[in-house]
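Data block below; observations after.
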Amino acid sequence: MWPLYVVFLALIIGGGALTGLLSPPSEISSQLYLRDSAPIDAAPAVNGATHPVNRAALDWFSEAVATMQLFGTRTMLILGPLMWYTGFNQPYQLNTFARYFTARANGLEVIVFYGAEIFGAFLAGWMLDRDPTRPRTGALHVLAVFLAVTTGGYALAFHSELLAARADWPACSVEPLDFTQAAIVGPTLAYFLWGLSDSQVQAFSYWLMRQLFADGPEQSRAVGFYKMIQSLGWCAGFALVPSERMPPIVQMGLTYACALVGVVFALFRLPSDAPLLRDARAPLSGAERA
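Rendered as structure tokens:
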């Protein structure tokens, strides 16, 4: 346990130190491409033209205030439920549902989960980027696949949880399965589908923030908002993990409901399809920030 912790700690510290090699924002420019009639605060852009993005430096307190102000914007309130789900889902999936596996089998299941994450992220990126002129269509495809895959995972979990709830309510305790037992196939498939869907929704969230926010500072604040909501979801999810606080089948239902609500809300803030797509989208209007 301790050696593994030290390895991860060293990686975290090393990664943080390497960020010092990044170029300062003032030296970075972004390409703006003409897009239908979207308003642009900077000088008008033309296809292929390169313009420096306004990156007025703010102190850390001003940045924090600007990030917190996103909690009062219509756009982020609409996207909040989906961002919440990206953190709220894994306490049930990787902790509560892990009681179906022995310690040895659970190590393999984690590999299945995160292996599926890799494929899911690739799939989401392909669907979102395959036609740059139709971002809304790509977003709808990702959300549809995410919803279908997520539903499949929770359907398999519901079958297992229902049996456990009938046998031992409210603890829903189960006999752990080893990977040599045939009964482990269903829970393993649920892990695979959850890993597939988790990376899809996270890739979609980052892509959507890139579409909705114009430049680096705005995008950074949006990511900060996203990580705060995601972390809040993690904390709330783990607060429900002990079965004496919430039976596992109820926790599963609540987690799935969060996914459904998040998808429905996200439908109201998708980018529109346009003849030309520019890499840096127009900033949110004053009405959207109200």
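Quick note, the sequence shown lines up with residues -17 to -1, 1 to 273 if you use mature numbering (1 follows the signal peptide of the UniProt record, and there is no 0). Even glycine gets a Cβ: it sits at the ideal position worked out from N, Cα and C.
Within the DSSP bridge table, the entry for residue 84 names 160 as partners.
Per the coordinates, the alpha-carbon of residue 196 lies some 32 angstroms from the alpha-carbon of residue 77.
DSSP, read as helix, strand or coil, puts residue 197 in coil. When C-alpha distances from residue 204 are compared across 213, 214, 215, 192, the shortest belongs to 192. Taking residue 190 as the centre and dropping the five residues before and after it, the same chain places the C-beta of 111 closer than 7 angstroms to its C-beta, in chain order.
DSSP, reduced to helix, strand and coil, places residue 41 outside both helices and strands of the structure shown, so it counts as coil. Under the DSSP assignment, residue 150 falls in the alpha helix (DSSP H) whose first and last residues are 118 to 150. Short of 8 angstroms from the beta carbon of residue 95, and not among the five residues preceding or following it, lie these beta carbons of its own chain, in chain order: 171, 174, 175, 178. Burial state of residue 167 is buried, judged by a 10 Å Cβ sphere holding 16 or more other Cβ atoms. Within 10 angstroms of the beta-carbon of residue 232 lie 16 or more other beta-carbons, which makes it buried. In this structure residue 58 is buried. Its beta-carbon is surrounded by 16 or more other beta-carbon atoms within 10 angstroms.
Rounded to whole angstroms, the separation of the alpha carbons of residue 253 and residue 48 is 26 angstroms. In the three-state scheme derived from DSSP, where H, G and I count as helix and E and B as strand, residue 168 is classed as helix. Residue environment analysis places residue 181 among the buried positions, since at least 16 neighbouring C-beta atoms fall within 10 angstroms of its C-beta. DSSP, reduced to helix, strand and coil, places residue 205 within a helical segment of the structure shown. Less than 8 angstroms divides the Cβ of residue 152 from the Cβ of residue 230. Counting along the chain, residue 52 sits inside no alpha helix (DSSP H), nor does DSSP assign it H or E at all. Under a 10 Å Cβ-count criterion, residue 69 is classified as buried, with 16 or more other Cβ atoms of the shown protein chains found around its own Cβ.
In the three-state reduction of the DSSP assignment, residue 112 falls in the helix class. Residue -1 has its alpha-carbon roughly 28 angstroms from the corresponding atom of residue 98. Taking the Cα positions, residue -6 is about 26 angstroms away from residue 41.
Inclusion of residue 125 and residue 154 in the CB contact set at 8 angstroms is not warranted, their separation being larger than that value. If you look at residue 76, you'll find it isn't in any alpha helix (DSSP H); DSSP assigns it neither H nor E.
If you compare the alpha carbons of 247, 220, 249, 246 with that of residue 237, the shortest gap goes to 220.
Taking all protein chains in view, the Cβ of residue 158 is surrounded by fewer than 16 other Cβ atoms within 10 Å, so the residue is classified as exposed. Note that the C-beta distance between residue 256 and residue 118 is below 8 angstroms. Selection 163, 140, 123 evaluated against residue 85 yields 163 as nearest (Cα-Cα).
Here residue 105 is not near residue 184, since their CB atoms are 8 angstroms or more apart. Taking C-alpha positions only, residue 50 is separated from residue 61 by approximately 16 angstroms.
Annotation for residue -4: no residue places its beta carbon closer than 8 angstroms to its own, counting only its chain and skipping 5 residues before and after.
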